[in-house]
Amino acid sequence: MKRIFSGVQPTGNLHLGNYLGAIRNWVGLQESFDCIYCIVDLHAITQSQNPAHLREQTRSVTAAFIASGIDAERSIIFNQSAVPAHCELAWALACHTPLGWLNRMTQFKEKAGKDRESAVLGLYAYPVLMAADILLYKASHVPVGEDQKQHLELSRDIAGAFNRTYGVDYFPLPEPQILGVATRVMSLRDGERKMSKSDASDYSRINLTDDADTIALKIRKARTDPNPLPDTPTDCQERPEALNLLGIYAALADVKLADACERFSGAQFSAFKQTLADLAVSVLGPITAEMKRLAADPGYVDGVLRTGAERAAAIANRNLRDIKNIIGLLHPG
Ligand code: TRP
């Protein structure tokens, strides 16, 4: 069976954009792949984190996975730091990664900002750790968003460099898993910015921890333009907020954008928002309720992570042993 690996950083509340853009697709992939979903806490600490908050977010993302329908028995859910082999492989891969490749990474440049000298080594090495995550399990497919494509490309390059160096065909080159209609969910306050966990305004996003009233309120307050709803997707071109809300509707209702436009063509936003809020609550309600239940039961969530880490480590340690043998690192005895 082909293997999927993907990861999410535990650095803030997951929101509707994460759900429609990633997690919902991950649920579907369980049908046709052997799936490993990782909460990448070691990537999170490449930027400063509050320890208590990091721990809490790790549990919360785990709960979001489970509540969204990722089946912890069928798939593997675990946090990265619980399987030390990720760091060991990252070191070995770092020794096969030219600096020139890392210097091209645009995310490092953005995150490091102007003061490059103060940027930490971990932030620079971030893409190598990501390559280790994927290659440790010899994953064949990796669902990632647009912003991670360059890192995935680098993982392929590193895998190729390793194979060539040792004259082996050990690592498969991981393919990006292109998801059906990519749902790009934008901020509810500004249709031209991505919905983001780092946006200062909580009204810009729907968190997976929001209750029904909050979801409805945020949709009611979402920015719109003064015109009635457009007839077709083409008419949305100069209307980012209309496009975003109709896109969210289409994704939640699982219909095409054109069908959503047709359904509401000429309607007032107030009426449309009411329908959208009802739909959002009906889809997200069961998820947020389950997350609430899981938040009250951290022992259960920790148990899922513990079992997941054991299963992940069984694969990881077997592969790491092979990799060490290829490199010539000795296992005495
Ligand atoms: N860098 C990814 C992100 O920020 C998270 C990530 C870490 C990841 N390791 C991964 C994604 C391996 C896919 C595969 O979104």
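Numbering (this note's numbering), first residue to last: 3 to 335. Quick reminder that beta carbons are idealized off the backbone N, C-alpha and C, glycines included. All values derive from a computational prediction rather than experimental measurement.
Worksheet item: Is M107 near ligand 1, judged by its Cβ being under 6 Å from some heavy atom?
Response: no
Fill in: Span separating the alpha-carbon of S142 from that of F274
42 Å
Worksheet entry | Cβ neighbour criterion (16 or more within 10 Å) applied to C97 | exposed
Discussion item. Which same chain residues end up closer than 6 Å to P86 when comparing Cβ atoms and leaving out the 5 residues on each side of it in sequence?
Written reply: none
Worksheet item: Hey, would you say the C-beta of G23 is under 6 Å away from at least one heavy atom of ligand 1?
Response: no
Discussion item. Rounding to the nearest angstrom, what Cα-Cα distance links P228 and D192 in this structure?
Written reply: 15 Å
Worksheet item: Which same chain residues, not among the five before or five after Q82, have their C-beta less than 6 Å away from its C-beta?
Response: C40, V42, D43, L44, H88
Worksheet item: Enumerated in chain order, which unbroken segments of the alpha helix (DSSP H) with a length of 4 residues or greater are wholly contained in the segment 142–205?
Response: 151–168
Practice prompt. Excluding the 5 residues preceding and the 5 following I221 in the sequence, name in chain order all residues of the same chain whose CB lies nearer than 7 Å to its CB.
Written response: K275, L278, A279, A282
Fill in: Inter-residue spacing [alpha-carbon to alpha-carbon] between L138 and A316
11 Å
Worksheet entry | Which of helix, strand or coil DSSP assigns to S77 | coil
Practice prompt. Name the two residues that bound the continuous beta strand (DSSP E) containing I6.
Written response: 5–10
Item to complete: Since I believe F35 is in contact with R76 (beta carbons under 8 Å), could you give me their beta-carbon distance rounded to a whole number of angstroms?
Response: Rounded, the Cβ-Cβ distance is 10 Å, inconsistent with contact.
Worksheet item: Per DSSP, C40 forms a beta bridge with which residues?
Response: G9, F80
Fill in: Buried versus exposed call for I180 [16 or more other C-beta atoms within 10 Å across all chains shown]
exposed
Item to complete: May I have the straight-line CA-CA distance separating A66 from G330, to the nearest angstrom?
Response: 41 Å
Discussion item. Applying the 10 Å Cβ sphere with the 16-neighbour rule, what's the burial state of R207?
Written reply: buried
Worksheet entry | The alpha helix (DSSP H) enclosing E119, as first and last residue numbers | Unbroken run through E119: none, as it is neither H nor E.
Fill in: Which of helix, strand or coil DSSP assigns to N15
coil
Item to complete: Measure the alpha-carbon distance for S120 versus K113 and round it to whole angstroms.
Response: 11 Å
Fill in: L245 versus A69 - alpha carbon distance
28 Å
Discussion item. Taking the straight line between their C-alpha atoms, what separation do you get for D204 and V257?
Written reply: 28 Å
Worksheet item: Where do the N-terminal and C-terminal ends of the alpha helix (DSSP H) with L231 fall, by residue?
Response: Counting along the chain, L231 falls outside any alpha helix (DSSP H), and DSSP gives it neither H nor E.
Discussion item. Quick check: does the Cβ of D43 come within less than 6 Å of any heavy atom belonging to ligand 1?
Written reply: no
Discussion item. Determine whether the beta carbon atoms of F7 and V144 lie at a separation below 7 Å.
Written reply: yes
Discussion item. Since L84 and V306 should fall inside the 8 Å C-beta cutoff, what is the C-beta to C-beta distance between them, to a whole number of angstroms?
Written reply: The sequence shown places Ala at residue 84, not Leu. The Cβ separation is near 12 Å, so there is no contact.
Item to complete: Can you grab the Cα-Cα spacing for the pair D261 / I250, in whole Å?
Response: 13 Å
Item to complete: Starting from the C-beta of N327, find all residues in its chain whose C-beta is less than 8 Å away, skip the five residues before and the five after it, and write them out in chain order.
Response: H333
Item to complete: Would you tell me roughly how many angstroms separate the C-alpha atoms of L190 and P129, rounded to the nearest one?
Response: 31 Å
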